[in-house]
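Input: a single structure, listed below in structure tokens.
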Amino acid sequence: MPDETLKYLPESLKDELNDVIKYAKMAKKTHYDNYAQIYRDMAREEHQHARHIKDIVLDQGISLPNQNEVDELFEKADNALKEM
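Below you can see the structure in the form of structure tokens.
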């Protein structure tokens with residue numbers, strides 16, 4: 026019997042990548058240095074979560090409904106991390 030939780034992974038992957046972008050933007054916009062560091066840490070953690078989800082998706086052979094969208098989100102997230 027397949028694990029029912031796996032069906033949620035493609036959408037979770039996109040959510041995690043969007044969170045990376047969100048926290049990276051917050052890190053750049055805040056006026057408080059200590060908050061900026063917290064946001065940067067959160068962005069990096071979300072990116073790590075996204076990579077782990079991607080590994081599970083690939084390992085399980087789960088098809089992503091829109092692979093191009095996921096690839097673009099990974100590129101945006103990677104760039105957002107570099108710009109923090």
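Residue numbers (the numbering used here): 26 to 109. Just so it is clear, CB atoms sit at the ideal spot from N, CA and C, and this is done for glycine as well.
Proximity winner among the options, relative to residue i (alpha-carbon distances)
| i | options | result |
| --- | --- | --- |
| V95 | I81, E108, Y57, N43 | N43 |
| R76 | Y48, F99, M51, D66 | F99 |
| A61 | E71, A49, H72 | A49 |
| N104 | D84, Q85, A68 | A68 |
Cβ-based neighbour list, residue i, same chain, cut-off 8 angstroms, excluding 5 preceding and 5 following
| i | result |
| --- | --- |
| K39 | E94, V95, L98 |
| M26 | Residue placement at M26 is poorly supported in this model, since its pLDDT is 48, which falls under 50; the coordinates are not used for a value here. |
Beta-carbon contacts of residue i that lie in its chain and below 6 angstroms, excluding the five residues immediately before and after
| i | result |
| --- | --- |
| Y64 | Y48, M51, A52 |
Proximal residues to residue i (C-beta, below 7 angstroms), its chain only, five neighbours per side dropped
| i | result |
| --- | --- |
| Q73 | none |
| E71 | E41, D44, V45, Y48 |
| L34 | I78, I81, V82, I87 |
| K101 | I46 |
Three or more beta-carbon pairs under 8 angstroms between the region 79–95 and the region 49–67, yes or no? Because the criterion of three Cβ pairs below 8 angstroms is not met, the region 79–95 and the region 49–67 do not touch.
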